[in-house]
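Residue numbers (my numbering): 2 to 227.
We put the CB at the ideal spot given by N, CA and C, even for glycine.
Below is one structure, written out as structure tokens; the observations come after it.
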């Protein structure tokens, strides 16, 4: 059975890993990654399209010359025609699914170490470091790719054209990132916290082991021979 200290620290790390897992599920499931106002100009009027969406779908509405078109729902994959933008969205989904699996594995390893002492080294702190690092890096990559897709590929503009086909020349866009996007920053902090917690335990165990070996190292040679 593990010591009380080990159980407590790994149980705390397990909770942070579990929170990370739940938050990744929220990020994938919600549609509040970004809110955009996309402005278009026509011959005699200007049009503004407001969108709020995530990786899979969202809502859009059009305001033109004092007339408001009722809000409607859309699926990103169904109306997005830009192959490059669609490819990045797909890559973000795949990356987040991988981070979800990494978070699940990390939760399993921390739970295992909280209730037992695995004989294999790779099932201990090394596993926690590995899977938490993989999860955190994957989420960070997703956080970088999404704004790149917005700015470089004009994702909001493409979706606005997909929602309302009669739009003309794009003038400018205004973007506000929502809670679904910023939760990913919290996920990264959770993974860092898990690594730090396990590192403190591992470092303390290593220091204690060294202290136990020191009396033998410092003992006189005749005592050691005896």
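In the DSSP annotation of this structure, the continuous segment of the alpha helix (DSSP H) that includes residue 91 starts and ends at 84 to 116. Within the same chain, Cβ atoms closer than 7 angstroms to the Cβ of residue 22 are found at 101, 104, 105 and 108, the five residues on either side in sequence being excluded. Beta-bridge analysis with DSSP links residue 75 to 59. By DSSP's assignment, residue 22 forms no beta bridge with any residue. DSSP places residue 8 within a helical segment (H, G or I) once states are collapsed to three.
Taking 8 angstroms as the upper bound for CB-CB distance, residue 49 and residue 60 are not in contact here, some 15 angstroms apart.
By the criterion of at least three beta-carbon pairs nearer than 8 angstroms, the stretch 154 to 172 is not in contact with the stretch 22 to 31. Residue 143 and residue 44 have their alpha carbons spaced roughly 39 angstroms apart.
Between residue 73 and residue 183, the alpha-carbon positions lie close to 25 angstroms from each other. Within the model, the alpha-carbon separation for residue 154 versus residue 115 is close to 46 angstroms. DSSP places residue 171 within a strand segment (E or B) once states are collapsed to three.
Comparing alpha carbon positions, the residue from 18, 192, 57 and 127 closest to residue 35 is 57. For residue 44, the secondary structure class from DSSP, reduced to helix, strand or coil, is coil.
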